[in-house]
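Chains as they are written, first to last, in the working numbering: chain R, 1 to 115; chain X, 1001 to 1111. Shown next, in structure tokens, is the structure this report addresses.
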């Protein structure tokens, strides 16, 4: 049973460029959340997708956008890259439900470096 | 989101039980306590969660105080592979499903 998979594992970009990161959720999960983890810090919530719609958003600028596909996979897009966008980007999947106490399961992330 | 307080770091002896404390004095009635850990260069790994009763699984035990203001994660027999950053997180059951991570507790298991 495959867990959460993310691609690519590493990526190098320059300032001003755009990047797309991809995530496939764990089998049976329909909700995808994205987190940004700067060096030495805990992950910070970016946004969450369910039924192809953004359901929640953290304190991130509009340069960060996402998409969810009918097969529940998701993309994170970042435009006009800044040096401060260098981080580990984590995808987490879960099952939607209200109420829900089911845990989110994480992939190993994409390491994005901005030069 | 309710905030949690953990030690910045701690050492544990290999083969002994490791007791990781967490304070969450502002927790509300519909919030669960979750524990994750992150081994270097990997994504966070879910360990265990609970509401008010003690919980145990194959990885660890979670002890929550009766007033729910603090909890302890117990790794029964720490191994070198348990060296990681451990995060204690409080998460609401309704509405807000995001995980609010702090800086965590860097746990080092010493031979």
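Cβ atoms here follow ideal geometry from the backbone N, Cα and C, with glycine treated the same way. It should be emphasised that the depicted structure is a prediction, and the values quoted were computed from it without experimental measurement.
Rounded to the nearest whole angstrom, the CA to CA distance from residue 43(R) to residue 36(R) is 5 Å. At a cut-off of 8 Å between beta-carbon atoms, residue 1106(X) makes no contact with chain R. Measuring C-alpha to C-alpha distances from residue 23(R) to each of 70(R), 32(R), 47(R) and 62(R) identifies 32(R) as the nearest. Residue 1048(X) is classed as buried because its beta carbon has at least 16 other beta carbons within 10 Å across all chains shown.
Using a Cβ distance threshold of 8 Å, residue 79(R) and residue 6(R) do not count as a contacting pair. For the C-beta of residue 1042(X), the chain R residues within less than 7 Å are, from N- to C-terminus, 108. Taking C-alpha positions only, residue 1029(X) is separated from residue 1101(X) by approximately 20 Å. For residue 76(R), the enclosing beta strand (DSSP E) covers residues 74-78. A distance of 8 Å or more separates the beta carbons of residue 73(R) and residue 66(R). The DSSP assignment places complete beta strand (DSSP E) segments of no fewer than 3 residues inside the stretch 84-115 of chain R at 87-94 and 110-114, in order along the chain.
Rounded to the nearest whole angstrom, the C-alpha separation of residue 1042(X) and residue 1066(X) is 34 Å.
Buried is the label assigned to residue 26(R), since at least 16 other Cβ atoms lie within 10 Å of its Cβ.
When Cβ-Cβ separations below 8 Å define contact, residue 1099(X) makes contact with chain R. Less than 8 Å separates the beta-carbon of residue 1085(X) from that of residue 1105(X). Residue 87(R) and residue 12(R) have their C-alpha atoms some 11 Å from each other. Each residue's CA atom was taken as its position, placing residue 1103(X) and residue 1087(X) some 7 Å apart. Counted as a single uninterrupted DSSP element, the beta strand (DSSP E) harbouring residue 1010(X) occupies residues 1009-1013. Interface with chain X (8 Å Cβ-Cβ cutoff): residue 100(R) is included.
Within the stretch 1012-1060 of chain X, complete beta strand (DSSP E) segments of at least 3 residues are found at 1018-1023, 1031-1038 and 1045-1050, given in chain order.
Proximity of the stretch 1012-1028 of chain X to the stretch 1072-1082 of chain X meets the contact definition, three or more beta-carbon pairs being nearer than 8 Å.
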